[in-house]
Structures are given as structure tokens and as C-alpha cells.
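A.B. asks: Sharing a structure, written as C-alpha cells. Questions coming.
There are 2 protein chains.
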Amino acid sequence: MSTQKLITYFNNLLPLSDEEGDAVASVAMERKIKRRQFILQEGDRCRHYTFIVSGCFKMYSVDAVGKEHNVQFGTENEWLTDMASFHSVKPADFKNPNAGIPSKLFIEAIEPSVIIQIERTDLVFLFEHYPKFNRIFRVITENNFIELQNRVLQNISTTAEQRYSAFLMQYPDLSQRLPNTQIASFLGITPEFLSTIRKTIGSK
Amino acid sequence: MSTQKLITYFNNLLPLSDEEGDAVASVAMERKIKRRQFILQEGDRCRHYTFIVSGCFKMYSVDAVGKEHNVQFGTENEWLTDMASFHSVKPADFKNPNAGIPSKLFIEAIEPSVIIQIERTDLVFLFEHYPKFNRIFRVITENNFIELQNRVLQNISTTAEQRYSAFLMQYPDLSQRLPNTQIASFLGITPEFLSTIRKTIGSK
């Protein structure tokens, strides 16, 4: 059962008591997702924190001319959520599926995947009744923040070639699994330019 | 005394007990900062979480050709820290000022400012002894994450004019306080191009 993988993941961050483990099991919803299936679409309210048990997702926006821009990839043992949409709800509206800010993002499976989702009401229940989860999710959010800040820094201060090299170093596994078009979108360049960079690096 | 402003700030997020308030007071270090003074320089280890009581700061990187790129502004009731550098230290090294990853960022005062700093060891002490601070800092980090993600989204999917309009909406106060060169750097455009945009918007 995949819920055990989520409990193991939490245990590695901060050991859970049996009661805390049971609380996780009681709110974890397992889902199998097909390749190209969406778990969030622009305009929807994001009501789940999603933990990836296996597989790979991309979170992206689509601009005015229909071009996709990858904001984040997610693979095993990582979380994906549109935090802006997820956290924009007042406590009184937690149960209302139409409350909050519509998401500006899509989350789509790049591979067949297994995920565990926790609904907002349930996550808030964990935070209120088991303080340890505040510490765990503080650390998860800090790590995601660091990753996002590195991306911003790279985007504003490095060349495309440097960004691609950094991507290979940081995500050696992802660079094998993802099609070039996805990597190019993440780096903010065209697939053709990525090909040129790969040839340049290969000939060095 | 400025520490009371920090305690009031925390109380607004989640009411503190007297004991928790005393704990904050015992670790809060107040500092007066002059305009153009740095509280972090590239290559330093970031050892403080900084709360801004009054004034205004910019956090930026400098690229290979010496150009500044603003990552974040901070004003009253906001936090500034290079999280990548701050959190890269193992618990055994918390007291060692040379442990961890050197920062890639500068944090510099744009106005004369008053700040309250909490050192890493002290913040960890709060997290371990008063669980409520995990919840408070989880929410602070989530809010900073949302702001950063909005920035990434705007950078990859909107025009400079749209970004400037969004900046005016989101930071009406900041746009009055900051010189145009700083705003242009934040938007990723030249000051000349910002002038053109302002004229276009003014004539609409």
C-alpha cells in the first residue's frame, strides 16, 4: 500500500508516533494517474496537496499565445500543489470546492503515476491536532522555496548554457526521463536552441 | 522597544502566550541600519532571519558582468533571509559561523532601517521548545513561496508592461519609495524601457 511510502517519507524527516502515522493513513487518498492526465487545470481551485509515489508531473502556465511555460517538475517523494490557490481560502470556506483563487496553473502527468493526495480540510486537521506536521511542512516548504529561488537567480543571472549544465547537475535523473521540449520550456529557451547547446557541450 | 512590534506581528498570525512572547524577546536582537549598509554580502554565510521593523531593503545577485538583479524587496513587517544559505547547515554546526553554503546574494538597505534579527541557533531553539513557531514560520514561508511563484509566472508569461502594472497593484507603497532603477531591475528591464512604459501607461 502506497500510504506506507508517505509515512516512511515523513519518518525520514521527523519520526512519527503510531498515532501520527494512523492520522496520515486516515487522510491519505491514493490515485493512479495516466500519462497526460491532469490533476489541476487553470481556472480550477487547487484543493489538494499531492505527494508523488511514482511517476513524473509538470506544473506549467499557458501564456496569451498558447505557449506552455514549465514552473516545476515533480517526481518520486516530492510534493506538487499550487500554493497560491490552495492557501487562498478562509477557514470557514475550507469545505467549499468553489472558494478561493482560481489556479493559473496546470499539473499534468508526464508518465503513468501513483499519487497520494491530502485534502485541505484534512491537512488543516493534521496541523491543528498533530503539531509535528507544522514542523515537517515548514521544512518541505523551505526546501521548495530554496529550489524556486535558485531558479529565479539562474533565470536572471546566467546564460542558457549555464542553466542547462545546472539542470543536469541538479536533476541527473530527470534529464534522462524528460523529452527535450519539456526541458527547453523549463529553461526558458526553444528546443532548437537546446539542441545547439547539447552539441556545444558534447564537443567540449 | 521594537521587539514589541515583532511580538505584535506574531500575535496577529497566531496569539502567543506570555511565555512564548518572553522567548521571542530573549532572542530578538535589534539593530539600526544606515542607508546603503549591507546585512548580507555574497560569499558570507547567512546566519540570521531578519524582520524589518521600519525601512526598506533589496536582496539581489550580481552577475558575471557586474549587473545587479533584484530578487526581492522587503519593507515593514516582512522577513528577509537567504534561505538557501541559512538552512544549509547541519545541526552540529549551528554555532560555527563558517559552516554552510556561502550566499549568492546581497541584502542592502535602501532606506535608513530598524531590524530585528534572530540567530539560527535561537530560531531552532524556538522551533524545538515552542511548537507554535513551526506553524507561524510555515505560514510565513508559504506566503513568501506564493509571492516568489507569482514572480516566476509573471517573468515567463507576461510582457514588461503587464509586469509593471502588476507591480503597481501589488506594491502601491513600494512603487512610491523606490528609485526607478531598482524597480526596473526587479522587473528585468532597463530603466530606459521602464520610462517608456510609464509614458505609455500615463497617456492611456
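Line by line, the protein sequences give chains A and B. Heads up, the first sequence is in our numbering, so the first residue is 18 and it goes up one at a time. Heads up, the second sequence is in our numbering, so the first residue is 18 and it goes up one at a time. C-beta: ideal position from N, C-alpha, C; glycine also. Quantities reported herein were computed from a predicted structural model and do not represent experimental measurements.
Within 8 Å, do at least three Cβ pairs link the stretch 85-101 of chain B to the stretch 180-197 of chain B?
C.D. replies: Verdict: yes, contact present.
A.B. asks: Which term fits residue 200 of chain B, buried or exposed, when burial requires 16 or more other beta carbons within 10 angstroms of its beta carbon?
C.D. replies: Classification of residue 200 of chain B: buried, given that the 10 Å Cβ count is 16 or more.
A.B. asks: May I ask you to list, following chain order, the residues of the stretch 76-105 of chain A that have a beta carbon less than 7 Å from some beta carbon of chain B?
C.D. replies: Hits within the stretch, in order: 78, 80, 86, 88, 100, 101, 104.
A.B. asks: Do the stretch 208-218 of chain A and the stretch 120-128 of chain B meet, that is, are 3 or more Cβ pairs less than 8 Å apart?
C.D. replies: They do not touch, by the three-pair rule.
A.B. asks: So, helix, strand or coil for residue 220 of chain A, using DSSP?
C.D. replies: Looking at residue 220 of chain A - three-state DSSP - the assignment turns out to be coil, as it is neither helix nor strand.
A.B. asks: Hey, does residue 162 of chain A have any beta-carbon neighbour from chain E nearer than 9 Å?
C.D. replies: Considering every chain present, this structure includes no chain E. Its protein chains are A and B.
A.B. asks: Please go through the same chain and pick out, in chain order, the residues whose beta-carbon is closer than 8 Å to the beta-carbon of residue 143 of chain B, but skip the five residues on each side of it.
C.D. replies: The answer, listed in chain order, is 40, 41, 44, 135, 150.
A.B. asks: Could you give the residue range of the beta strand (DSSP E) that holds residue 100 of chain A?
C.D. replies: Unbroken run through residue 100 of chain A is the alpha helix (DSSP H), 100-103; no beta strand (DSSP E).
A.B. asks: Answer with buried or exposed for residue 117 of chain B, where buried requires no fewer than 16 other C-beta atoms within 10 angstroms of its C-beta.
C.D. replies: Buried, by the Cβ-count rule.
A.B. asks: Can we count residue 183 of chain B as close to the ligand ZN, meaning its CB is less than 8 Å from some heavy atom?
C.D. replies: No copy of the ligand ZN appears in this structure; indeed no ligand is present at all.
A.B. asks: If we ignore side chains and look at the alpha-carbon of each, how far apart do residue 130 of chain A and residue 34 of chain B end up?
C.D. replies: For residue 130 of chain A and residue 34 of chain B, the distance between alpha carbons rounds to 45 Å.
A.B. asks: Identify the residues that DSSP records as bridge partners of residue 146 of chain A: which are they?
C.D. replies: DSSP lists no partner for residue 146 of chain A.
A.B. asks: Count the C-beta pairs between the stretch 152-171 of chain A and the stretch 19-26 of chain B that are closer than 8 Å, then say yes if the count reaches three, no if not.
C.D. replies: Result no; under three Cβ-Cβ pairs closer than 8 Å.
A.B. asks: Going along chain A, which residues have a C-beta under 8 Å from residue 108 of chain B?
C.D. replies: What residue 108 of chain B touches in chain A: nothing, since even the nearest Cβ is about 13 Å away.
A.B. asks: Of the residues B/104, B/69, B/165, which one's Cα is nearest the Cα of residue 48 of chain B?
C.D. replies: It is B/69.
A.B. asks: Just to make sure I have the definition right: I need the residues of chain A whose C-beta is within less than 7 Å of the C-beta of residue 169 of chain B. Which are they?
C.D. replies: In chain order: 88, 165, 168, 169.
A.B. asks: If you draw a straight line from the alpha carbon of residue 52 of chain B to that of residue 97 of chain B, how long is it in whole angstroms?
C.D. replies: Taking the straight line from one Cα to the other gives about 16 Å.
A.B. asks: Per DSSP, which one or two residues make a beta bridge with residue 107 of chain B?
C.D. replies: None; residue 107 of chain B has no bridge partner.
A.B. asks: With 9 Å set as the bound, which would you pick, yes or no: does the beta-carbon of residue 205 of chain B sit closer than that to a beta-carbon of chain A?
C.D. replies: Residue 205 of chain B counts as touching chain A.
A.B. asks: Quick one: is residue 37 of chain B buried, meaning 16 or more other Cβ sit within 10 Å of its Cβ, or exposed?
C.D. replies: So residue 37 of chain B counts as buried.
A.B. asks: When DSSP labels each residue in this structure, what does residue 67 of chain A get in the three-state scheme?
C.D. replies: If DSSP states are grouped into helix, strand and coil, residue 67 of chain A belongs with the strands.
A.B. asks: If we ignore side chains and look at the alpha-carbon of each, how far apart do residue 214 of chain A and residue 194 of chain A end up?
C.D. replies: Those two C-alpha atoms are separated by around 18 Å.
A.B. asks: Less than 9 Å between CB atoms is the rule here; does residue 27 of chain A satisfy it with respect to chain B?
C.D. replies: Cβ-Cβ to chain B under 9 Å: no for residue 27 of chain A.
A.B. asks: What residues match up with residue 18 of chain A in a beta bridge as DSSP calls it?
C.D. replies: According to DSSP, residue 18 of chain A bridges with nothing at all.
A.B. asks: Give a yes or no on whether the C-beta atoms belonging to residue 86 of chain A and residue 174 of chain B are separated by under 9 Å.
C.D. replies: Result yes, Cβ atoms of residue 86 of chain A and residue 174 of chain B sit closer than 9 Å.
A.B. asks: Please tell me whether residue 133 of chain A has its Cβ less than 9 Å away from any Cβ of chain B.
C.D. replies: So no, residue 133 of chain A is outside the interface.
A.B. asks: To be precise: take each residue of the stretch 142-163 of chain A, compare its Cβ to all Cβ atoms of chain B, and keep it if any distance is under 7 Å. Which residues remain?
C.D. replies: Residues passing the 7 Å Cβ filter: 144, 148, 151, 152, 154, 155, 158, 159, 161, 162, 163.
A.B. asks: Which same chain residues end up closer than 6 Å to residue 74 of chain A when comparing Cβ atoms and leaving out the 5 residues on each side of it in sequence?
C.D. replies: Cβ neighbours of residue 74 of chain A beyond the five flanking positions: 91, 97, 124, 126.
A.B. asks: Could you give the first and the last residue of the continuous beta strand (DSSP E) run that contains residue 77 of chain A?
C.D. replies: 74-79 is the extent of the beta strand (DSSP E) around residue 77 of chain A.
A.B. asks: Could you name the residues of the same chain whose beta carbon sits closer than 8 Å to that of residue 107 of chain B, not counting the 5 residues immediately before and after it, in chain order?
C.D. replies: The answer, listed in chain order, is 116.
A.B. asks: Report the neighbours of residue 174 of chain B on chain A: residues whose CB is nearer than 7 Å to its CB, in chain order.
C.D. replies: Simply 78, 80, 86.
A.B. asks: How many Å lie between residue 203 of chain A and residue 113 of chain A at the Cα?
C.D. replies: Whole-angstrom Cα-Cα distance: 33 Å.
A.B. asks: For residue 101 of chain A, count neighbouring Cβ atoms within 10 angstroms of its own Cβ and tell me buried if that reaches 16, exposed if not.
C.D. replies: Residue 101 of chain A comes out buried.
A.B. asks: DSSP state of residue 36 of chain B, grouped into three classes?
C.D. replies: Reduced to three states, the DSSP call for residue 36 of chain B is helix.
A.B. asks: Determine the closest residue to residue 183 of chain A out of A/167, A/196, A/198, A/65, with distance taken between C-alpha atoms.
C.D. replies: Of the listed residues, the one whose Cα sits closest to residue 183 of chain A is A/167.
A.B. asks: Please work out which residues of its chain come closer than 8 Å, Cβ to Cβ, to residue 120 of chain B, disregarding the five sequence neighbours upstream and downstream, and give them in chain order.
C.D. replies: Hits under 8 Å: 57, 58, 59, 60, 61, 62, 63, 99, 101, 102.
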